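J.: Submitted below is the structure of interest, expressed as structure tokens.
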Amino acid sequence: MIIEPISLVRQVEIVFTELRQELSELNSGTVFLQIRNNAVGKFGVRHNPLEGRDGVVQKSGTGLTESQWQAFRKLALDSLKYKVNWTHGEITFDFTVKKETLYASVMFESNYNMSSLIRG
2 MIIEPISLVR QVEIVFTELR QELSELNSGT VFLQIRNNAV GKFGVRHNPL
52 EGRDGVVQKS GTGLTESQWQ AFRKLALDSL KYKVNWTHGE ITFDFTVKKE
102 TLYASVMFES NYNMSSLIRG
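Okay, here's the thing in structure tokens:
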């Protein structure tokens, strides 16, 4: 049986679809994707769901709206154009919502293994 590889773009679409409900409950955090051989392995969201003020703990914000989720997803997909020449690493997407505006940034971390470069 031959299995066709799924493009990294399609994998990121799948990730954002899977995280859609969780992101609808969050107004800030970091989406992370661990990449190995250009395939997403582990992925998820790092966030602080609760805030405390004057001894009272409450839920942090209302979460991403549908249009904010769409914009965040598009940013993630568009950012893949800047991933160059590496197959292993991590991509992180930091986001926050302030005054109903989504702010986001992207960070690429490339990983290399010296033992695969040195031939004895």
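FYI, the working numbering numbers position 54 of the sequence shown as 55, with every residue one higher than the one before it. Built from N, CA and C at the ideal position, the CB exists for glycine as well. What you are looking at is a predicted structure, and each value in this text was computed from that prediction instead of being measured.
1) Going by DSSP, name the residue or residues bridged to F109.
2) For L7, does the count of other Cβ atoms within 10 angstroms reach 16, so buried, or fall short, so exposed?
3) Tell me whether the beta-carbon of V58 lies closer than 9 Å to the beta-carbon of E23.
4) Should N39 be flagged as near chain D, meaning a C-beta pair shorter than 9 Å?
5) Only counting the same chain, and skipping five residues up and downstream in sequence, which positions put a Cβ closer than 6 Å to that of Q69?
6) Taking buried to mean at least 16 other C-beta atoms within 10 Å of its own C-beta, is Q12 buried or exposed?
7) Is it buried or exposed, L40, if we count other Cβ atoms within 10 angstroms and call 16 or more buried?
8) Exposed or buried, what is L51 when buried is set at 16 or more other beta-carbons lying within 10 Å of its beta-carbon?
9) With DSSP collapsed to three states, give me the class of T63.
10) Could you give the uninterrupted runs of the beta strand (DSSP E) lying entirely in the segment 14-69, keeping only those of 3 residues or more?
T.: Considering the structure as presented:
1) Mapped onto the sequence shown, residue 109 falls at position 108. Paired residues: I92.
2) Along the sequence shown, one-based indexing puts residue 7 at 6. Per the sequence shown, the amino acid found at residue 7 is Ile instead of Leu. Its Cβ having fewer than 16 others within 10 Å, I7 is exposed.
3) Taking the sequence shown and counting its residues from 1, one reaches residue 58 at position 57. Taking the sequence shown and counting its residues from 1, one reaches residue 23 at position 22. Result no, Cβ atoms of V58 and E23 do not sit closer than 9 Å.
4) The structure shown contains no chain D, having only a single protein chain.
5) As a first step, residue 69 must be located in the sequence shown, where it is residue number 68. Leaving aside the five residues that flank Q69 on each side, the residues in its chain whose CB is nearer than 6 Å to its CB run, in chain order, L103.
6) Residue 12 sits at position 11 when you count from the first residue of the sequence shown. Burial call: buried.
7) By one-based count along the sequence shown, residue 40 stands at place 39. Reading the sequence as shown, one finds Ala at residue 40 and not Leu. When all chains shown are included, A40 counts as exposed.
8) By 1-based counting over the sequence shown, the position of residue 51 is 50. By the neighbour-count criterion, in which 16 or more other beta carbons inside 10 Å mark a residue as buried, L51 falls on the exposed side.
9) Along the sequence shown, one-based indexing puts residue 63 at 62. T63 carries a coil assignment under DSSP once its states are collapsed to helix, strand and coil.
10) 29-37, 40-47, 51-54, 57-60
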